[in-house]
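Taking it in order: structure first as structure tokens, then the write-up.
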Amino acid sequence: MSGNTASHDPHTATPVDMTAFTAFGMREVDGGTLDAAIAAAGDDLVCVFCWGEDCFNCELAERALLAQPGPVRALGLRWLHANVHAHPELGRRFGLHGIPVFLFFHHGKVLGRATGWHGHAQFAGAVANARNKLAGRPLV
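So for the sequence shown, numbering that gives the first Met the number 0 puts the first residue at 0; every next one is plus one.
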């Protein structure tokens, strides 16, 4: 999400790298637009990438997503993203204690979450569990 920070002024926000957001068609949401964006997804499984500015682990997650775009796209998610530093109401609403967090929704219902980025296999497992929960099947 940020470039070179060698001369980073801690009082100035680092520009956010939007590459991953663009690559996966992630729509930006906040506390006032999240529910409508989830509703607009229809029957799609929605993943909300909760991130923050100057979050090293969020940057790692973005780089990992971009390193394997094919397998990530194959999961068939409708992507949204939210800067929870700028919109702390979302952190409170979903009980976030750290970022990045990936929240999974279907028709407004939270089906699960993946906290942090622990590799594609863990993320794909979290997506599979969200789909299993939706279908009433046991979690893996």
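Every residue gets a Cβ at the ideal spot worked out from N, C-alpha and C, and that includes glycine. In this text the structure is predicted, and so the values were computed from the model without any measurement.
Cβ shell of residue i (< 7 Å), same chain only, five flanking positions each side left out
| i | result |
| --- | --- |
| residue 21 | none |
| residue 140 | In the structure displayed, the chain extends from 0 to 139; residue 140 sits before or after that span and is not available. |
| residue 36 | 26, 28 and 79 |
C-alpha gap between residue i and residue j, whole angstroms
| i | j | result |
| --- | --- | --- |
| residue 85 | residue 105 | 25 Å |
| residue 94 | residue 69 | 31 Å |
| residue 82 | residue 134 | 30 Å |
| residue 128 | residue 71 | 16 Å |
| residue 45 | residue 124 | 15 Å |
| residue 96 | residue 16 | 23 Å |
From the options, residue whose alpha carbon lies closest to that of residue i
| i | options | result |
| --- | --- | --- |
| residue 58 | 109, 19, 136 and 37 | 19 |
| residue 24 | 128, 131, 99 and 47 | 47 |
| residue 50 | 89, 32 and 37 | 89 |
| residue 99 | 53, 30 and 108 | 53 |
Cβ neighbour criterion (16 or more within 10 Å) applied to residue i
| i | result |
| --- | --- |
| residue 55 | exposed |
| residue 60 | buried |
| residue 126 | buried |
> Is there contact here, the region 39–58 with the region 66–79, by at least three beta-carbon pairs under 8 Å?
Replying inline: Enough Cβ pairs lie closer than 8 Å, so yes.
>> For the pair the region 114–133 and the region 63–71, tell me if three or more CB-CB distances fall below 8 Å.
In response: With a cut-off of 8 Å on Cβ pairs, the region 114–133 is in contact with the region 63–71, counting three or more such pairs.
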